[in-house]
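The sequence shown runs 255 to 480 under my numbering. These notes concern the structure reproduced below.
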Amino acid sequence: MSEIKVVANILHTNEEITSKNKEVLNEKGIYVINMMSSPGSGKTSLLERVISKLKGQLSIAVIEGDLYTTKDAERIEAQGVPVVQINTGGACHLDGKMIKGALESLNLDNVDLLVIENVGNLVCPAAFELGEDIKITVLSTTEGNDKPLKYPRMFENSGAIILNKLDLLEFTNFNKMEFYNDINALNAHAKIFETSCVKDQGIDDLCFWLSQQIDHKRGGNILCQE
Ligand SMILES: Nc1nc2c(ncn2[C@@H]2O[C@H](COP(=O)(O)OP(=O)(O)OP(=O)(O)O)[C@@H](O)[C@H]2O)c(=O)[nH]1
Ligand SMILES: [Mg+2]
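Shown next as structure tokens:
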């Protein structure tokens, strides 16, 4: 019983800090993505692709969550956009307090899009709101199509789901029809993208859709600019 109380308190504290973070982000009109998946599904690879296509058009910043290393932040830095690394020191998810610290070390003026890459984990990150406008969950074909039903929360709460590593589909037993049926049962409104970072497949569609979401938050100011 005491264990349940502790978890409830942690979530309550997270909610308070996150709502303050969200105020700051909303005031600046920044569109925020919380990107989640199991380790290795391709979050950073997708980000690299998206940044390279959108950075001329939008101002992008990134918060990278990782247990110990700065490897992902180095990859994003190479794309020429501001990035802050959060090392959770072993914790399996990001929380509001960590995001608060990262926001304080980023210059948020004129940022259009902030992407938070969560720690690779299909379970814990789903329980912690980070002040995002949208959760995007990535699943790769090599993980098996049974994952949405086995780890439903992340898929249920995501506004978009990306099926990545499409180039490897033929080497796996991933059943796309079952995948679509399961997602439809869990979260019929989720926007679904099929991508391959290796073949640069589906990334343009993803970027176009993201631009529309960002534009919508900004009240139509970005895409309409001359
Ligand atoms: N074949 C193939 N490999 C990919 C694709 N996307 C990513 N990879 C590879 O998958 C591996 C993991 O990719 P990352 O982008 O590091 O995955 P991640 O989700 O950021 O991983 P963590 O941050 O550790 O959770 C790398 O070796 C990538 O090159 C893809 O579309 N096709
Ligand atoms: Mg990564």
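Cβ atoms here follow ideal geometry from the backbone N, Cα and C, with glycine treated the same way.
Cβ pair residue i, residue j closer than 8 Å
i	j	result
G385	T272	yes
N441	K354	no
I370	L348	yes
N341	L360	no
C451	L300	yes
Cβ-based neighbour list, residue i, same chain, cut-off 8 Å, excluding 5 preceding and 5 following
i	result
N429	N399
C461	V304, K307 and L308
F447	A414, I415, I416, L417, G456, D459, L460 and W463
E270	G350
N263	none
M352	G319, I340 and T342
7 Å Cβ shell around residue i - same chain, five flanking residues per side excluded
i	result
I457	R303, V304, K307 and T449
L444	Note on residue identity: the sequence assigns Ala, not Leu, to residue 444. Once the five neighbours on either side are set aside, the close Cβ partners of A444 are S412, G413, A414, I415 and I437.
V278	L357
H470	none
Q466	none
Y405	L376 and V377
G473	none
E480	For E480, the predicted structure reports a pLDDT of 35, less than 50, and the residue's modelled location is therefore unreliable. A value from the coordinates is still provided. Contacts found: none.
F425	none
Cβ separation of residue i and residue j, assumed to be a contact under 8 Å, to the nearest whole Å
i	j	result
I416	I390	6 Å
A315	V335	6 Å
A380	R407	4 Å
I284	L362	6 Å
K453	D421	5 Å
Reference residue i, options the options, closest by Cα
i	options	result
T298	L423, S465 and E318	E318
D326	P379, E432, G374 and F462	G374
V377	D421, T323, P293 and V365	P293
K419	D469, E397 and G343	E397
V286	M431, S295, A345 and E383	E383
C346	G310, K401, E269 and M290	M290
S295	V392, V338, N288 and E281	V392
L367	V337, M352 and G344	V337
N372	N288, R472, N263 and L265	N288
N435	T426, L403, N427 and F425	L403
Q333	L265, E281 and G310	G310
Cut-off 6 Å between Cβ atoms - residues of its own chain near residue i, not counting five sequence neighbours on either side
i	result
L423	T395
E432	N399
N364	S313
E410	L440 and N441
C478	Low local confidence applies: a pLDDT of 44 at C478 is under 50, so the model's placement there is unreliable, and no value is given.
G344	L321
K282	L362
Q339	E318, T324 and A327
L265	none
Original post:
Where the beta carbon is closer than 6 Å to any heavy atom of ligand 1, which residues qualify, in chain order?
Top reply: S291, P293, G294, S295, G296, K297, T298, S299, D326, G374, N418, K419, D421, L422, S450, C451 and V452
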